[in-house]
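Colleague: Numbering of the sequence shown is given in my numbering, commencing with residue 3 and proceeding in unit increments.
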Amino acid sequence: MDFSSDIKEQVRSQTDIVALIGEAVALTPQRGGREHVGLCCFHDDHNPSMRVYADRQSYRCWVCNAGGDCFSFVQEREKVSFPEALEILAKRAGIKLPERGFRKSDDGSRSQIYEALLWAQELFHKTFLQDASAQPARDYIASRGMSDEMIKQFRIGYHPNSWDWLLGQARGKFKPEQLLAARLIGERDSGGYHDHFVDRVLFPIRNERAQAVGFGGRILPGNPHPAKYWNSPESPVFQKSKLVFALDAARDEIRKTETVLICEGYTDVIACHQYGVKNTVATLGTALTDQHVTTLKRFAKKVVLVYDGDDAGLAAAERVLERFIAQDVDLRILTLPGGHDPDEFLAAEGADALRQLIETAPEALDFKLKCLQAKYPIKTLDGRQRILEEMLEVVAAAPKSSQTVREGLLMVAIAEKLGLREEQVRSRLAEIRGQVAQRAPRRVAEESAAQLLPDETQRLYRGQLTIHDRMECELLEILAAAPGLVRFVREELDELDIRHPQLQLLLGLMVSHAERQSWSFQSFVGAMEDQGLKNLATWLDHQARSKDLTAKLRETGDDSEETCPPFLRRSIENLKWRREEQSQQHREASMSPELGEGSPPHDDFLRQALQFHQRRATKRTTA
Ligand SMILES: [Zn+2]
């Protein structure tokens with residue numbers, strides 16, 4: 003699909019990449035706000051390795067090599083195509099895209115799925131509010147004390163007690179295939195379709211951008227159905243292991259407080275929001291996964307798991323503990339007193355009491371220790387041994403980066419509680435850590451887009467540059483640092499002077515881009531759609547920065563007539579020299595006795611050869 007570079011440029015210029023990435027990753031400003039750093043969201047990052055450059059409107063991760071501009075970021079993060087990324091960013095910037103030729107016609111496209119889900123969300127909500135058949139649903143929600151404001155904000159809905167109601171409502175708007183793609187209906191074994199969510203109160207599940215992606219349906223009291231909750235099946239836009247309920251509503255508050263509260267149920271989450279504890283989310287009826295944790299730690303430093311104070315809560319808390327420790331997140335376990343769920347607790351004690359509990363919730367490892375003490379008799383040697391082993395297994399699962407003061411304190415605490423010497427505890431931990439490391443070799447890094455790049459480019463990223471790569475990269479780095487200099491390059495060199503296939507392509511694009519308009523590096527990257535080339539362009543730019551080429555290009559030479567910076571001049575001359583050397587080799591090869599036997603060398607050739615060898619001699623002495 004071809005978008006005018008105008009619209010791309012307009013969208014790009016209306017998008018601040020720092021704000022955009024800041025919505026997904028907690029960024030810390032550096033160098034007076036010109037750079038920002040944060041945890042990379044494209045690999046499992048423990049030390050902030052993502053850099054975002056405000057002036058260049060670009061980003062780059064030094065570990066997994068993710069990088070590019072605002073379009074690349076959305077493409078990689080949302081796993082969408084360029085047109086979809088453009089659509090997302092245009093919407094975000096309030097820019098209307100030209101309609102014609104834009105919508106894809108296939109029924110399963112993401113934008114069609116989102117459209118069907120939004121339509122269904124609003125229809126379910128209207129039905130809940132207005133339809134006579136929804137009275138039991140309204141009664142149930144009222145019994146939970148949910149305010150009108152929350153009902154509206156969370157778009158609480160209802161699906162009537164009929165297996166083809168939604169299909170009927172959709173007639174003339176969406177084809178059954180579209181509803182199926184959005185998982186709003188299912189297929190019958192005997193052929194044909196049936197509605198999902200029949201006679202259930204519906205909680206729309208929305209993604210970070212507040213788009214409905216699925217629904218959680220709860221049966222009404224008195225319904226004998228065994229499953230209290232039923233969630234939409236997974237779809238291209240709905241993945242339970244990644245999504246959490248209410249992240250769109252909680253995101254700002256999570257970022258502000260750097261804390262996220264995870265409850266067990268949708269109604270608990272809504273109760274928390276209603277009472278003003280808005281940094282609250284829930285998983286979608288599944289246990290917490292690594293992906294959930296990865297998602298949440300982009301926003302929060304502290305994760306508080308909220309459980310009813312019963313045994314099930316304790317057991318659940320224990321289960322997720324290792325996963326969190328391994329992810330190096332400050333995990334707290336909050337068990338509510340008296341077996342209350344958050345809803346009941348808030349009604350009885352209020353929001354401040356809950357905030358107090360959040361503040362003082364014990365760290366996960368402390369919590370684990372407490373659980374183990376309840377499980378094994380600490381008075382016996384065997385009991386103490388078991389507690390020590392189980393405790394250290396959990397600690398050993400934590401990444402190296404978390405071997406911090408916290409761990410030190412924990413070792414002291416364990417030793418104290420179990421009546422052991424600290425060194426004993428530490429050496430046992432070292433042993434267990436060795437065993438754990440053998441059992442589970444570290445995941446060999448990132449399934450990032452970088453792996454899909456051609457080997458030629460990977461070689462550059464890995465720092466395995468040949469002498470030719472170095473010369474070629476330098477030229478392009480200069481152009482990234484000072485795009486205006488492209489005119490000097492154009493006069494003296496062409497694409498074929500670059501051998502590396504991707505760099506060659508990039509130089510060609512730069513030259514033709516510069517011919518069309520006065521260009522900047524951002525507009526150049528923004529105009530490209532190839533993710534690999536974009537990534538390479540930003541890599542070159544970041545190389546240029548780290549070498550401070552801008553300063554090197556300001557150095558002036560002795561020749562006052564020369565307007566081309568000497569640094570660039572040298573770079574151009576090197577490449578020209580390589581070209582000459584190469585063509586001389588070709589000439590010599592073609593004139594060599596083996597190849598051109600019998601034909602005497604031309605005068606022309608002899609003259610060229612003489613000049614070449616003289617120049618090479620001078621070059622050697624001056625270089
Ligand atoms: Zn990364």
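Glycine residues also receive a C-beta, built at the ideal position from the N, C-alpha and C atoms.
Measuring only the C-alpha atoms, how far is Ile272 from Ala87?
Modeller: By one-based count along the sequence shown, residue 272 stands at place 270. By one-based count along the sequence shown, residue 87 stands at place 85. Whole-angstrom Cα-Cα distance: 31 angstroms.
Colleague: Using the Cβ count rule (16 or more neighbours within 10 Å means buried), how would you classify Leu487?
Modeller: If you number the sequence shown from 1, residue 487 lands on position 485. With 16 or more other Cβ atoms within 10 Å, it is buried.
Colleague: Distance, Cα to Cα, Gln155 vs Val215?
Modeller: Translated into positions along the sequence shown, residue 155 becomes position 153. Translated into positions along the sequence shown, residue 215 becomes position 213. Those two C-alpha atoms are separated by around 16 angstroms.
Colleague: Confirm the yes/no value for this check: CB of Asp47, any heavy atom of ligand 1, distance under 7 angstroms.
Modeller: Your numbering for residue 47 matches position 45 in the sequence shown. Yes - ligand 1 has a heavy atom lying nearer than 7 angstroms to the Cβ of Asp47.
Colleague: Taking 6 angstroms as the limit between beta carbons, can you name the residues of its chain near Glu497, skipping five residues before and five after?
Modeller: Start at 1 with the first residue of the sequence shown, and residue 497 comes out as number 495. Closer than 6 angstroms at Cβ, skipping near neighbours: Gln506, Leu509, Gly510.
Colleague: Which partner residues does Gly69 have in the DSSP bridge list?
Modeller: Position 67 of the sequence shown, counted from the start, is the residue given in the question as residue 69. In DSSP, Gly69 forms a bridge with Arg62.
Colleague: Would you kindly check if the distance between the Cβ of Ser74 and the Cβ of Asn537 is under 8 angstroms?
Modeller: Taking the first residue of the sequence shown as position 1, residue 537 is located at position 535. Taking the first residue of the sequence shown as position 1, residue 74 is located at position 72. Their beta carbons are under 8 angstroms apart, which means Asn537 touches Ser74 by this criterion.
Colleague: Work out the CA separation of Gln426 and Ala376 for me, nearest whole Å.
Modeller: Looking up residue 376 in the sequence shown gives position 374. Looking up residue 426 in the sequence shown gives position 424. If you take the alpha carbons of Ala376 and Gln426, they lie about 23 angstroms apart.
Colleague: For Leu612, is the classification buried or exposed, using 16 other Cβ atoms within 10 angstroms of its Cβ as the cut-off for buried?
Modeller: Your numbering for residue 612 matches position 610 in the sequence shown. Its Cβ having fewer than 16 others within 10 Å, Leu612 is exposed.
Colleague: Taking Cys43 as the reference, which of Gly218, Leu367, Val295 has the closest Cα?
Modeller: Here the question's residue 43 lines up with position 41 in the sequence shown. Nearest of Gly218, Leu367, Val295 to Cys43, Cα basis: Val295.
Colleague: Quick check: is any heavy atom of ligand 1 less than 7 angstroms from the C-beta of Val76?
Modeller: On the sequence shown, position 74 is the one that residue 76 refers to. False, no ligand heavy atom lies under 7 angstroms from that Cβ.
Colleague: Where does Tyr160 sit, in a helix, a strand or coil, going by DSSP?
Modeller: Taking the first residue of the sequence shown as position 1, residue 160 is located at position 158. Tyr160 falls in the strand class under three-state DSSP.
Colleague: Do Val76 and Arg300 count as a contact pair if the criterion is CB distance below 8 angstroms?
Modeller: As a working note, residue 300 is residue 298 in the sequence shown. As a working note, residue 76 is residue 74 in the sequence shown. No.
Colleague: If contact is defined by three or more beta carbon pairs under 8 angstroms, each pair taking one atom from either stretch, is the stretch 128-141 in contact with the stretch 251-268?
Modeller: Short answer: they don't touch.
Colleague: Anyone know if the C-beta pair for Val54 and Leu29 falls short of 8 angstroms?
Modeller: Counted from its first residue, the sequence shown places residue 54 at position 52. Counted from its first residue, the sequence shown places residue 29 at position 27. Cβ atoms of Val54 and Leu29: closer than 8 angstroms.
Colleague: Give a yes or no on whether the C-beta atoms belonging to Asp197 and Trp167 are separated by under 8 angstroms.
Modeller: Translated into positions along the sequence shown, residue 197 becomes position 195. Translated into positions along the sequence shown, residue 167 becomes position 165. Yes, the pair counts as a contact, with Cβ atoms nearer than the cut-off.
Colleague: Quick check: what's the CA-CA separation for Leu249 versus His275?
Modeller: Position 247 of the sequence shown, counted from the first residue, corresponds to residue 249. Position 273 of the sequence shown, counted from the first residue, corresponds to residue 275. Approximately 12 angstroms, taken between the alpha carbons.
Colleague: Is it right to say Glu476 is buried, meaning 16 or more other beta carbons lie within 10 angstroms of its own, or is it exposed?
Modeller: As a position in the sequence shown, residue 476 is number 474, starting the count at 1. Glu476 should be labelled buried.
Colleague: Is the distance from the Cβ of Ala484 to the Cβ of Asp543 below 8 angstroms?
Modeller: In the sequence shown, counting from the first residue as 1, residue 484 sits at position 482. In the sequence shown, counting from the first residue as 1, residue 543 sits at position 541. Against a cut-off of 8 angstroms, the Cβ pair of Asp543 and Ala484 comes out as no contact.
Colleague: Counting Cβ pairs closer than 8 angstroms, one from the stretch 119-127 and one from the stretch 160-174, do we hit at least three?
Modeller: Contact holds: three or more Cβ-Cβ distances are below 8 angstroms.
Colleague: So, helix, strand or coil for Val239, using DSSP?
Modeller: By 1-based counting over the sequence shown, the position of residue 239 is 237. Residue state, collapsed to three classes: coil.
Colleague: Since Tyr463 is in the alpha helix (DSSP H), which residue starts that stretch and which ends it?
Modeller: Walking along the sequence shown from the start, residue 463 turns up at place 461. Its alpha helix (DSSP H) spans residues 457-463.
Colleague: Closer than 7 angstroms: is that where the CB of Phe490 sits relative to any heavy atom of ligand 1?
Modeller: Here residue 490 refers to the residue found at position 488 when the sequence shown is read from its first residue. False, no ligand heavy atom lies under 7 angstroms from that Cβ.
Colleague: Give the DSSP-derived three-state secondary structure of Ala447 in the structure shown.
Modeller: The count along the sequence shown starts at 1 and reaches residue 447 at position 445. Note that Ala447 scores 32 on pLDDT, short of 50, meaning its location in the model is unreliable; the coordinates nonetheless yield the value given after this. Here Ala447 sits in coil by DSSP.
Colleague: How about Arg1 and Asp471: do their beta carbons lie closer than 8 angstroms?
Modeller: For residue 1 there is no data in the structure shown, the boundaries of the chain being 3 and 625.
Colleague: Please classify His38 as buried or exposed, where buried requires at least 16 other C-beta atoms within 10 Å of its C-beta.
Modeller: Within the sequence shown, the letter at position 36 stands for residue 38. When all chains shown are included, His38 counts as buried.
Colleague: So, with DSSP's three-state summary, where would you put Gln453?
Modeller: In the sequence shown, the residue the question calls residue 453 occupies position 451. Confidence at Gln453 is low in this model, with a pLDDT of 39, below 50, so the placement of that residue is unreliable and no value is reported for it.
Colleague: List, from N- to C-terminal side, the alpha helix (DSSP H) runs of 4 residues or more that fit wholly inside the stretch 500-549.
Modeller: Runs of the alpha helix (DSSP H) inside the stretch 500-549: 503-518, 523-529, 533-548.
Colleague: Please determine if the stretch 429-439 and the stretch 380-399 are in contact, where contact requires at least 3 C-beta pairs separated by less than 8 angstroms.
Modeller: At 8 angstroms Cβ cutoff, the stretches touch.
Colleague: Between Ala51 and ligand 1, is there a pair consisting of the residue's CB and a ligand heavy atom that are separated by less than 7 angstroms?
Modeller: Counting from one through the sequence shown, the residue named residue 51 turns up at place 49. According to the sequence provided, residue 51 is Ser. The question's Ala does not apply to it. Within the cutoff, so yes.
Colleague: Between Ser573 and the rest of its own chain, which residues show a CB-CB distance below 8 angstroms, the 5 nearest in sequence each way excluded?
Modeller: Position 571 of the sequence shown, counting from 1, holds the residue named residue 573. Closer than 8 angstroms at Cβ, skipping near neighbours: Met473, Glu476, Leu477, Ile480.
Colleague: Which runs of the alpha helix (DSSP H) spanning at least 4 residues fall entirely within the stretch 164-194, listed in chain order?
Modeller: Listed in chain order, the complete alpha helix (DSSP H) runs (minimum 4 residues) inside the stretch 164-194 are 167-172, 178-183.
Colleague: Closer than 7 angstroms: is that where the CB of Ala68 sits relative to any heavy atom of ligand 1?
Modeller: Here residue 68 refers to the residue found at position 66 of the sequence shown. At least one heavy atom of ligand 1 is nearer than 7 angstroms to the Cβ of Ala68, so yes.
Colleague: Between which two residues does the beta strand (DSSP E) carrying Gln16 extend?
Modeller: Residue numbering aside, residue 16 sits at position 14 when the sequence shown is read from its first letter. Premise fails: Gln16 is in no beta strand (DSSP E) and is neither H nor E.
Colleague: May I have the straight-line CA-CA distance separating Glu674 from Leu374, to the nearest angstrom?
Modeller: The structure shown does not extend to residue 674, since the chain spans only 3 to 625, so no value can be given for it.
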